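Colleague:
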Amino acid sequence: MRDTTQKKYKDQTVTASFLVVSLVTLLLLSINGYLGYSAFVKLKKIIPADSSQKSNVIIGPIKAEIVNACGIEGLGDRLTDTLRVNKIDVIQSGNYYQFNVDNTLIIDRSGNSEKAKKVADVLGIPEDQIITQLNPALFLDVTVLTGKDYSNYKYSKEKL
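Read left to right, the sequence shown gives residues -14 to 145 (our numbering).
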C-alpha cells in the first residue's frame, strides 16, 4: 500500500510542476506577443506603408552650415539670415580653403534628400546642384558651399 501512495504523490507533483511550467510559458508568450504587437503599431505610425509618402517627409529641424567658397564678404551672414527666416537652423558659418568655386553646391550630409531640396528651394538653387556626401560626424543635415553664382539666389533678387 505504501508504494501506491508514493506513486500517486509523485504523479500529482509531476502534474503540478507541468501545470506551473505551462502557465509560466503561456504568460511569457503573451507578454512577448503584446510587446511585439505594440512595437509593430508604433513603427507603423512612424514609417508609412507607401514609400512615395516617405520621400516627401522632412522629420525634425534642418541643421545647416554655410561655407563661403566665392570670397564675397558678408555672404555667409546674409545666407544665415535667409535660412533662419525659413526655419533652417544654421549651426556654423565659415570660409572654404579657396575662393574659386563657380557654382553653389548643396551637400546632403544626413541622407535625407528632402532637407537638401528644401534648402535649395529656399535659396533658388537648382536640384542638379545637390550632391550627397554622408558624414554623420558633422551632426548636421546640409552644407551650403557658396559659389560665384551667388547673385542668382532668390534672396539676392528680393533684397537688391
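Just so you know, even glycine gets a beta-carbon here, dropped at the ideal spot from N, CA and C. These numbers come from a predicted model, not from an experiment.
On the DSSP letters alone, give me the boundaries of the alpha helix (DSSP H) that Asp106 sits inside.
Modeller: Here the alpha helix (DSSP H) through Asp106 covers 98 to 108.
Colleague: Using the Cβ count rule (16 or more neighbours within 10 Å means buried), how would you classify Lys139?
Modeller: Flag for Lys139 reads exposed.
Colleague: Quick check for students: name the residue ranges of the beta strand (DSSP E) that lie wholly in the segment 55 to 130, counting only runs of 3 or more.
Modeller: Complete beta strand (DSSP E) runs here, min 3: 73 to 80, 90 to 93, 115 to 117.
Colleague: Starting from the Cα of Asp93, find the closest Cα among Leu130, Leu8, Gly61 and give me that residue.
Modeller: Nearest option by C-alpha distance: Leu130.
Colleague: Note down the Cα distance separating Glu58 from Leu64, rounded to an integer number of angstroms.
Modeller: When rounded, the distance between both Cα atoms is 12 Å.
Colleague: With 16 other CB atoms within 10 Å as the buried threshold, where does Val9 fall?
Modeller: Label assigned to Val9: exposed.
Colleague: Identify, in the order they occur along the chain, each residue of the same chain with its Cβ nearer than 8 Å to the Cβ of Ala49, setting aside the five sequence neighbours on each side.
Modeller: The residues are Leu68, Ile73, Asp74, Val75, Ile76, Val104, Leu125, Asp126, Val127, Thr128, Val129.
Colleague: Starting from Ala49, follow its DSSP beta bridges and name the residues at the other end.
Modeller: Paired residue(s): Val75, Val127.
Colleague: So, helix, strand or coil for Gln(-3), using DSSP?
Modeller: Helix, per DSSP.
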